[in-house]
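Shown next, in structure tokens, is the structure this report addresses.
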Amino acid sequence: MTFHLLYSKSGMQLEARLDELIRGLSTGDLGDLSPCQLQQVNELHKNTIKKEKDSTEKYAKLQETVADTSMVELSHAATELMREEAGGCCRGGQPIRGNSGFEEGRISRSYAKGLMI
Numbered sequence: 000m001t002f003h004l005l006y007s008k009s010g011m012q013l014e015a016r017l018d019e020l021i022r023g024l025s026t027g028d029l030g031d032l033s034p035c036q037l038q039q040v041n042e043l044h045k046n047t048i049k050k051e052k053d054s055t056e057k058y059a060k061l062q063e064t065v066a067d068t069s070m071v072e073l074s075h076a077a078t079e080l081m082r083e084e085a086g087g088c089c090r091g092g093q094p095i096r097g098n099s100g101f102e103e104g105r106i107s108r109s110y111a112k113g114l115m116i
């Protein structure tokens with residue numbers, strides 16, 4: 000955004016004072032940027048875009064990893080809770096009883112983790 004503003008502003012100032020620049024007068028604003036300075040701004044802009052892209056990709060991969068872990072925990076807790084409520088299955092060979100609050104807490108914590116990502 001900053002680079003676009005710089006390019007736009009310098010272009011507008013250059014156009015507004017084109018007659019003065021043709022006569023060799025300095026305008027004292029962004030229209031006075033030399034080709035070398037504009038090239039330096041352009042290089043800085045390209046480097047900034049590359050670093051932003053790299054950072055975005057890095058954090059996207061990190062977020063996917065965290066989301067996957069949270070979703071697995073949430074799925075596991077929800078499955079255990081459904082089994083308990085159905086009076087069905089067991090965990091480790093033992094019937095599941097009395098863990099409803101514990102499982103609901105696990106689901107809530109897992110869900111909250113998923114939302115914070």
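Quick note, the sequence shown lines up with residues 0 to 116 if you use numbering that gives the first Met the number 0. Virtual Cβ for every residue (Gly too), placed ideally from N, Cα, C.
Query, Result
"Around the C-beta of Leu73, are 16 or more other C-beta atoms found within 10 angstroms, so that it is buried, or is it exposed?", "buried"
"Using the Cβ count rule (16 or more neighbours within 10 Å means buried), how would you classify Pro94?", "Residue placement at Pro94 cannot be trusted, given a pLDDT of 49 that sits under 50; the coordinates are not used to answer."
"Is it buried or exposed, Glu84, if we count other Cβ atoms within 10 angstroms and call 16 or more buried?", "exposed"
"How many whole angstroms separate the CB atoms of Gly30 and Ser9, which I take to be in contact at a CB cut-off of 8 angstroms?", "6 angstroms"
"Would you mind sorting Glu14 into buried or exposed? The rule is 16 or more other CB atoms within 10 Å of its CB.", "exposed"
"Is the separation between the beta-carbon of Val40 and that of Leu5 shorter than 8 angstroms?", "yes"
"Out of Glu56, Ser69 and Ile48, which one is the CA nearest neighbour of Phe2?", "Ile48"
"Can you say whether Ser69 is buried or exposed, counting buried as having 16 or more other CB atoms within 10 angstroms of its CB?", "buried"
"Quick one: residues in its chain with C-beta nearer than 8 angstroms to the C-beta of His44, no 5 flanking neighbours on either side, listed in chain order?", "Phe2"
"What's the gap between the Cα of Lys57 and the Cα of Glu42?", "23 angstroms"
"I need the boundaries of the alpha helix (DSSP H) containing Ala85, first residue and last residue.", "Segment: none, Ala85 is in no alpha helix (DSSP H) and carries neither H nor E."
"First and last residue of the alpha helix (DSSP H) that includes Gly10?", "Thr1 to Ala15"
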